[in-house]
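Here the structure comes first, spelled out in structure tokens, and everything after it is commentary.
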Amino acid sequence: MLTPILYFAAVYSGLPDTVATHFDANGLADAYSDKSSLWILVTGFPIGLYPLMKFAPTFDPNGNLKKYDNSYSKLRVIIQLFIAAVVLIIVLNADGVIENTAYAITFAFAFLITMLGNYLQTVKPNYFVGFSSPWTLESEEVWRKTHRLIGRVFFFSGIICALVMAFIPQHYAIKLIVALTLGGTLYGSVYSYLLFRRIEKQKT
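The structure is reproduced here in structure tokens:
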């Protein structure tokens, strides 16, 4: 998690006075700031995110996030790794190592979706993390099967995106992964409702 901070500190003196701080959809810089402004990005996101995710379980009404702390810790690591990767990509761009950030950030996003897909298949019912709906929260079976389905969609969406990035333009790759994950989420929502109704009918 400290890699972007340590790398930035090591190369800071050699960076140009003005560095790119915003990029367009093609990964090309379209806004610049004084290099000192990168300290806010490099330190603010990783350090600010830690306490936010650390105390998030206190807002879960049923306390499952605290009960299954090991599982939630995996999610914290996944999110923090993604943020660290994005920050590092921006610093590498400022240092001249990466010219076009689009592919690097898209690949990081594909990695995030893949890891989230793996995580979702193990997450326990709670109000804070996952796909909470009246149907998934009402039935543990519906929660488990829905998250197993959506988790697999996320997992394979990330892998597919990472594999095809070498053959299609970057903006198509990001559209593909967004379409796959949104489509999978919508399908999972419909699936959870229909599964809940079927289970309820079996009880009568």
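Residue 459 is where the sequence shown starts when you use the working numbering, and the numbers rise one by one after that.
C-beta: ideal position from N, C-alpha, C; glycine also.
Please read these numbers as outputs of a predicted model, since none were measured by experiment.
Excluding sequence positions up to five before and after R534, its CB lies within less than 7 Å of the CB of M511, all in the same chain and listed in chain order.
Taking the C-beta atoms as reference points, I547 is found nearer than 8 Å to T559.
A check of alpha carbon separations from Y645 across Y490, F466, H605, Y470 identifies H605 as the nearest. For S491, the uninterrupted beta strand (DSSP E) segment begins and ends at 487-492. Counted as a single uninterrupted DSSP element, the beta strand (DSSP E) harbouring V477 occupies residues 476-481. Taking 8 Å as the cut-off, the Cβ atoms of A568 and A543 do not count as close. The closest CA to that of G472, considering only A487, S494, V611, I498, is found on S494.
The Cβ atoms of V555 and P462 do not sit closer than 8 Å to each other. In the three-state reduction of the DSSP assignment, V549 falls in the helix class. At the C-beta level, G609 and L578 come within 8 Å of one another. When DSSP states are grouped into helix, strand and coil, K512 belongs to the helix group. Taking the C-beta atoms as reference points, T639 is found nearer than 8 Å to F612.
Rounded to the nearest whole angstrom, the CA to CA distance from L507 to I541 is 9 Å. DSSP places I635 inside the alpha helix (DSSP H), whose first and last residues are 628-661. Nearest in C-alpha terms to T501, of all of E598, V648, L464, is L464. Under the three-state reduction of DSSP, S590 is assigned to coil, being neither helix nor strand.
Going by DSSP, F567 is part of the alpha helix (DSSP H) stretching over 559-578. Counted as a single uninterrupted DSSP element, the alpha helix (DSSP H) harbouring G616 occupies residues 598-622.
When the five nearest sequence neighbours on each side are left out, the beta carbons in the same chain lying within less than 6 Å of the beta carbon of V469 are those of D553, in order along the chain. CA-CA distance, S531 to K582, rounds to 13 Å.
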